[in-house]
Amino acid sequence: MQRHQLLVTLEVNPHMFGSYIGAMRDEEIGSRREPGNLNFDLWRDERETNVIHLFQSWVSERALTEAHMKEPHFQYVRGLGDEALIDLCEERLLVEQGAGAHQPLSPGKSIGTQTARVTIWSKPAIELITAYELSANVARAAAGNRFWQLYVNWRRRNEMVLIEAWADDAARARAGGSIEMADFQAAVGRTPHEIIPLRKL
Numbered sequence: 010m011q012r013h014q015l016l017v018t019l020e021v022n023p024h025m026f027g028s029y030i031g032a033m034r035d036e037e038i039g040s041r042r043e044p045g046n047l048n049f050d051l052w053r054d055e056r057e058t059n060v061i062h063l064f065q066s067w068v069s070e071r072a073l074t075e076a077h078m079k080e081p082h083f084q085y086v087r088g089l090g091d092e093a094l095i096d097l098c099e100e101r102l103l104v105e106q107g108a109g110a111h112q113p114l115s116p117g118k119s120i121g122t123q124t125a126r127v128t129i130w131s132k133p134a135i136e137l138i139t140a141y142e143l144s145a146n147v148a149r150a151a152a153g154n155r156f157w158q159l160y161v162n163w164r165r166r167n168e169m170v171l172i173e174a175w176a177d178d179a180a181r182a183r184a185g186g187s188i189e190m191a192d193f194q195a196a197v198g199r200t201p202h203e204i205i206p207l208r209k210l
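Next comes the structure, spelled out in structure tokens:
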């Protein structure tokens, strides 16, 4: 089954931030109650404090576009958009890559950590995919790992996205001692990329 997964980036008007985030938290809770939802996490960008990121996984596109968009919690937050949001709004359609595809998701429909990290590459790199394939099972088996998945943004197919989450920085550092993870990080270092640190809202 091909999940329908999105990483949505929104810039919120600072004067509306509190009320909009309140509505988005209701949207997060309401979405997780829907049978078609697999995951919904609301994050704040630690570099730009009025930018938020929504990571969503649905059983299908229809579960999002037909069922979810009729829900009152979605309709309410959508109604705030014109006033609450600034120009920046990007929706990445995420398609899993590599032999390690299909990251298991939590029964609680949340990654379940207070922090996460998104790494974005503007150009595809074969060596990155190869290194990721070798690292995926090692990373997910490491103590403290909560999420490790590489994607292609299907709306801009030369863009790759890694979403990772760990119980804490120490867990990530320990996992980095493995040969596979060290090789992956070396491949990351050889390819131009952007890192977005996230904190749970």
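What the sequence shown shows, in this note's numbering, is residues 10 to 210, in sequence order.
C-beta: ideal position from N, C-alpha, C; glycine also.
When DSSP labels each residue in this structure, what does residue i get in the three-state scheme?
i: R183; result: helix
i: D192; result: helix
i: P206; result: strand
i: N146; result: helix
i: A152; result: coil
i: A32; result: helix
i: T124; result: strand
i: A174; result: strand
From the options, pick the residue whose C-alpha is nearest to that of residue i; which is it?
i: L16; options: Q65, E92, A150 and E136; result: Q65
i: I172; options: T122, S187 and L19; result: T122
i: D178; options: A151, P201 and P81; result: A151
i: L19; options: R101, T74, I129 and N146; result: R101
i: R181; options: A148, I188, R165 and N46; result: A148
i: L63; options: S40, W163 and E75; result: S40
i: V127; options: P44, R71, N162 and I205; result: I205
Is it the case that the Cβ atoms of residue i and residue j are separated by a distance below 7 Å?
i: R208; j: E55; result: yes
i: D50; j: I120; result: yes
i: G107; j: E142; result: yes
i: Y160; j: V86; result: no
Using the Cβ count rule (16 or more neighbours within 10 Å means buried), how would you classify residue i?
i: I38; result: exposed
i: S131; result: exposed
i: R53; result: buried
Q | Ordered list of alpha helix (DSSP H) runs contained in the stretch 35 to 98, each at least 4 residues | A | 81 to 88 and 90 to 93
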